[in-house]
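Residue numbers (the working numbering): 2 to 130.
Taking it in order: structure first as structure tokens, then the write-up.
Structural data, given as structure tokens:
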């Protein structure tokens, strides 16, 4: 994150959210937290407040030890305002959860695409393509 020049940044109880000079929105989530449906809705509002285009391109760095309620997973899968999301995963558990979210999004006919990446620069390149 330090290498990214930022336009705006907000600190939330969920983590740090900022928009880079490249137009992408970055969400570095805190470790050790549970996310309810209400939390998910607030996260989406916070992210969309940085880019009101209705086509947010979002990089998510999830951190460790997340517990996402089913309601939160479902809301993230259909949330309005996004065009693409990239999840930068760091371990096998995050990869499994990410694959589950990708499958859920397909099932719910999500309006945007989510892809998993192991490297931030590859996630950025995909979002910017």
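No residue lacks a Cβ here, since even glycine has one placed at the ideal position from N, Cα and C.
Have a look at 57, 14, 31 and 44 and flag the residue whose alpha-carbon is nearest the alpha-carbon of residue 20. It is 57.
CB residue 103 to CB residue 121, shorter than 7 Å? It is not a contact, given that the beta carbons lie outside the stated cut-off.
Measuring CA to CA, which of 61, 40, 38 and 47 is closest to residue 30? Of all alpha-carbon atoms in 61, 40, 38 and 47, the one lying nearest the alpha-carbon of residue 30 is that of 61.
Could you check how far apart the C-beta atoms of residue 113 and residue 70 are, in whole angstroms? I think they sit under 8 Å. Incorrect: roughly 21 Å between the Cβ atoms, too far for contact.
In whole angstroms, what separates the C-alpha of residue 130 from that of residue 124? Those two C-alpha atoms are separated by around 10 Å.
Could you check the C-alpha separation between residue 142 and residue 78 for me, to the nearest Å? Missing from the structure shown is residue 142; the chain here goes from 2 to 130 and no further.
In three-state terms, what does DSSP make of residue 79? Of the three classes helix, strand and coil, the one that applies to residue 79 here is helix, per DSSP.
Restricting to Cα atoms, I'd like to know which of 75, 97, 87 and 98 is closest to residue 38. The shortest Cα separation from residue 38 among 75, 97, 87 and 98 belongs to 75.
Can you tell me the Cα-Cα spacing of residue 117 and residue 94, whole angstroms? The straight-line gap from Cα to Cα measures roughly 12 Å.
What first and last residue would you give for the beta strand (DSSP E) that runs through residue 35? That run of the beta strand (DSSP E) goes 34–36.
Going by C-alpha distance, which of 35, 41, 17 and 12 is nearest residue 73? Of the candidates 35, 41, 17 and 12, the one whose C-alpha sits nearest the C-alpha of residue 73 is 41.
From this set, 126, 107 and 68, which residue's C-alpha is nearest residue 87's C-alpha? Out of 126, 107 and 68, 126 has the C-alpha closest to the C-alpha of residue 87.
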